[in-house]
Amino acid sequence: MDPDVVDTSFLRISLYMRYYYASIHFLCNTFLVHAFAPSDGRIHLDGDEVWVDGVVPGKFDLQTIGLHELSHVLGLGHTNDGGAIMYPTTGSGFRKGLGQDDIDGIKAPYHL
Ligand SMILES: [Zn+2]
């Protein structure tokens with residue numbers, strides 16, 4: 001980045017390969033991705049994973065995973081509601097959208 005440019009971005013999405021990114025998250029194969037709560041705005045994706053758009057057996061849907069992580073960046077935590085995108089785990093070959101718990105959760109801080 002140009003040192004004269006002031007970075008005012010809120011969201012920063014990065015793709016890291018296991019051997020490049022020395023993070024315990026990816027090295028132990030327990031996380032596909034992780035995000036940081038506000039006001040950090042970073043999302044790190046495992047670049048060794050084959051990401052797909054849609055439901056493909058054995059592959060992870062980038063829309064589903066991305067929606068979950070973007071929700072973390074916006075301040076949502078995990079929920080026990082299995083119908084919510086903020087349920088802490090998801091399987092491969094699966095697509096999921098926002099649930100009512102997610103919608104209520106993102107509205108609450110803004111009193112909507
Ligand atoms: Zn999460």
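First residue of the sequence shown: 1, per the UniProt record's numbering; consecutive thereafter. The beta carbon of each residue, even a glycine, is placed where N, CA and C say it ideally should be. What you are looking at is a predicted structure, and each value in this text was computed from that prediction instead of being measured.
So which of V55, H68, K59 has the shortest CA-CA distance to D102? H68
Across which residues does DSSP place Y16 in a beta bridge pair? D46
By the three-class DSSP mapping on this structure, what secondary structure does A35 have? strand
Spatial neighbours of A35 within its chain, please: CB distance less than 6 Å, with the 5 preceding and 5 following residues excluded, ordered by chain position. I43, E69, H72, V73
Less than 8 Å between the beta carbons of D81 and G99, yes or no? yes
What runs of the beta strand (DSSP E), each 3 residues or longer, lie entirely inside the region 41–107? You should have 42–46.
Cβ of P88 versus every heavy atom of ligand 1: is any distance shorter than 7 Å? yes
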